[in-house]
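Peer 1:
Numbering (my numbering), first residue to last: 9 to 225.
(1) Excluding the five sequence neighbours on either side, which residues of its own chain have a C-beta within less than 8 Å of the C-beta of residue 68, listed in chain order?
(2) Determine the direct distance from the alpha carbon of residue 167 to that of residue 138, and round the result to whole angstroms.
(3) So the candidates are 190, 52, 132; which of them puts its Cα closest to the Cα of residue 157?
(4) Residue 181 by DSSP, collapsed to three states: which one?
(5) Can you tell me whether DSSP reads residue 163 as helix, strand or coil?
(6) For residue 85 versus residue 120, is the C-beta distance shorter than 7 Å?
(7) Starting from residue 208 and walking both ways along the beta strand (DSSP E), at which residues does that stretch end?
(8) DSSP three-state call for residue 40: helix, strand or coil?
(9) Are at least three pairs of beta-carbons, each pair with one atom in the stretch 60-74 and one in the stretch 142-149, less than 8 Å apart?
(10) For the alpha helix (DSSP H) that contains residue 20, what are its first and last residues?
(11) From this set, 18, 109, 22, 32, which residue's C-alpha is nearest residue 50's C-alpha?
(12) Which residue wins for smallest C-alpha separation from residue 77, given the options 100, 16, 25, 131?
(13) Is it the case that the stretch 87-106 contacts the stretch 33-43, given that we only count it when at least three CB pairs across the two stretches are under 8 Å?
(14) Between which two residues does the alpha helix (DSSP H) harbouring residue 108 extend?
(15) Looking at C-beta atoms only, is the number of pairs between the stretch 86-95 and the stretch 24-39 that lie closer than 8 Å three or more?
(16) Per DSSP, what kind of secondary structure is residue 123 in: helix, strand or coil?
(17) If the criterion is Cβ atoms closer than 7 Å, does the pair residue 12 and residue 131 meet it?
(18) Where does residue 93 fall in DSSP's three states?
(19) Going by beta carbon distance, what residues of the same chain come within less than 8 Å of residue 133, once the five residues before and after it are set aside?
(20) From which residue to which residue does the beta strand (DSSP E) around residue 59 run?
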């Protein structure tokens, strides 16, 4: 059985990947670098991580598979909590983080079936399949979208509560259509037209919001 700590390390490495330094991983998990080094050595011995001391680490194919199992549980739980309990997008991540390690395969399958096999979570992130497969993604950051082409918001971040609250207030959420009308020359932000109104979006936000011509799947 995979421990909670191991699952957290594998998922974090997948989120930060494809390669990650020990310092970066330690900061992400808020642990001491020495603790991260010891865990990476253990994961390497188990064939889940390729660890190069004093350099970087990456997940093996088996490590990726196990990481995506945790990602699948997390995103299914976010979808379940949103649809059944009505939790807001800014509440979902932390609650799912607490529950994901306790979800049995049977309950995971039951939730998936109950929800109708959803393809994306409420933040727009794709939900891996039961075997860890992920669909091909064609979306790009809003900051990279061309001018005067209609786009659909596909993904918003799931960890930054303040950013999520602002996006909700502005209606910049998955499924909404917008048109990019200007790239700001100095700060890297953008101006979009949303529901006929102009909205200035800071560079840090435009880099986190992902859009696509096709919209959500």
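Built from N, CA and C at the ideal position, the CB exists for glycine as well. Note that the structure is predicted; figures quoted are calculated from it, not measured.
Peer 2: Result, derived from the coordinates:
(1) As a working mapping, residue 68 is identified with position 60 in the chain shown. If you ignore the 5 residues before and after residue 68, its C-beta comes within less than 8 Å of the C-beta of 55, 56, 57, 58, all in its own chain and listed in chain order.
(2) In the chain shown, residue 138 corresponds to position 130, counting from 1. In the chain shown, residue 167 corresponds to position 159, counting from 1. Straight-line Cα distance between these residues: approximately 24 Å.
(3) Here residue 157 is taken as the residue at index 149 of the chain shown, counted from 1. Looking at the Cα atoms, 190 is the closest of the given residues.
(4) On the chain shown, residue 181 is found 173 positions in, with the first residue counted as 1. Residue state, collapsed to three classes: coil.
(5) Within the chain shown, the letter at position 155 stands for residue 163. Correct three-state label for residue 163: strand.
(6) Within the chain shown, the letter at position 77 stands for residue 85. Within the chain shown, the letter at position 112 stands for residue 120. No, the Cβ-Cβ distance between residue 85 and residue 120 is not below 7 Å.
(7) Position 200 of the chain shown, counting from 1, holds the residue named residue 208. Element bounds for residue 208: 205-209.
(8) Taking the first residue of the chain shown as 1, we reach residue 40 at position 32. In the three-state reduction of the DSSP assignment, residue 40 falls in the coil class, being assigned neither a helical nor a strand state.
(9) A contact is defined here as three or more CB-CB pairs under 8 Å, and the stretch 60-74 fails this definition with respect to the stretch 142-149.
(10) Taking the first residue of the chain shown as 1, we reach residue 20 at position 12. Residue 20 -> alpha helix (DSSP H) spans 12-24.
(11) The residue you call residue 50 lines up with position 42 of the chain shown. Out of 18, 109, 22, 32, 18 has the C-alpha closest to the C-alpha of residue 50.
(12) Start at 1 with the first residue of the chain shown, and residue 77 comes out as number 69. Checking every option, the nearest Cα to that of residue 77 belongs to 16.
(13) no
(14) Residue 108 sits at position 100 when you count from the first residue of the chain shown. Where residue 108 is concerned, there is no enclosing alpha helix (DSSP H), given that its DSSP letter is neither H nor E.
(15) no
(16) Locating residue 123 in the chain shown gives position 115, counting from the first residue. Residue 123 falls in the coil class under three-state DSSP.
(17) Here residue 12 refers to the residue found at position 4 when the chain shown is read from its first residue. Here residue 131 refers to the residue found at position 123 when the chain shown is read from its first residue. Result no, Cβ atoms of residue 12 and residue 131 do not sit closer than 7 Å.
(18) The residue you call residue 93 lines up with position 85 of the chain shown. Helix.
(19) Stepping through the chain shown from its first residue, residue 133 is reached at position 125. Once the five neighbours on either side are set aside, the close Cβ partners of residue 133 are 83, 163, 166.
(20) Here the question's residue 59 lines up with position 51 in the chain shown. Boundaries of the beta strand (DSSP E) around residue 59: 57-59.
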